[in-house]
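Report on the following structure.
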Amino acid sequence: AVVSTQSGHYGRGDPVDIVLGVVVVLTSAIAFSLNLICLPYFIRHRSKVSNLLYTCICTVDIVTAIVSLPSAVSLFNRRRPMWLGNKVICSMCGAIFEVNSRLSVGFIAILSVVRTISLCFPFQYVSRSVVKVILAIYVVIFTAPIILPL
Numbered sequence: 192a193v194v195s196t197q198s199g200h201y202g203r204g205d206p207v208d209i210v211l212g213v214v215v216v217l218t219s220a221i222a223f224s225l226n227l228i229c230l231p232y233f234i235r236h237r238s239k240v241s242n243l244l245y246t247c248i249c250t251v252d253i254v255t256a257i258v259s260l261p262s263a264v265s266l267f268n269r270r271r272p273m274w275l276g277n278k279v280i281c282s283m284c285g286a287i288f289e290v291n292s293r294l295s296v297g298f299i300a301i302l303s304v305v306r307t308i309s310l311c312f313p314f315q316y317v318s319r320s321v322v323k324v325i326l327a328i329y330v331v332i333f334t335a336p337i338i339l340p341l
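The numbering used here puts the first residue of the sequence shown at 192, with every later residue one more than the last.
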């Protein structure tokens, strides 16, 4: 049976799409659960710069896991482009996923720089305020093109 929609024709669910949908759901559930378990520890011990960055990374990963679920719904639903028949929700999830992808890479890069400084200069202290300023600048520079229309 073929379903006809405005966007095109959608046949029966492709087995590959079903497998991909299950993989997305499982990885999202695992990522959400494990990051939710780790997050309270990093929040409690956030006096360390690295734990501040791990808190940011966990938060971004939790949001990414949640925002990935509409993709799984689309895969289970014959790749219909809209989730719940709403283009706004679909667009918001895509934008949030894009922002989170950039933030995740940036936070890990900043953590790598902080760790490198700690290894190369073991007696040099990296202040939280410097890392917060770097985080703020990074968030503004790399998310503005996605959030603000040009």
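For glycine and all other residues, C-beta sits at the position ideal for the given N, C-alpha and C.
Just so we're clear, the structure is a prediction, and the values are computed from it rather than from any experiment.
Check                                                                                                                 : Outcome
For N268, three-class secondary structure by DSSP                                                                     : coil
Bounding residues of the alpha helix (DSSP H) (the contiguous stretch that carries S238)                              : Here S238 belongs to no alpha helix (DSSP H), and DSSP marks it neither H nor E.
C-alpha gap between V216 and L310, whole angstroms                                                                    : 38 Å
Residue environment, L227, which counts as buried when at least 16 other CB atoms sit within 10 Å                     : exposed
With 16 other Cβ atoms within 10 Å as the buried cut-off, status of Y245                                              : buried
V305 - containing alpha helix (DSSP H), residue span                                                                  : K278 to C311
Sub-8 Å separation of T255 and S295 beta-carbons                                                                      : yes
Residues of its chain near N242, where Cβ-Cβ distance is below 7 Å and the 5 sequence neighbours each way are ignored : F233 and H236
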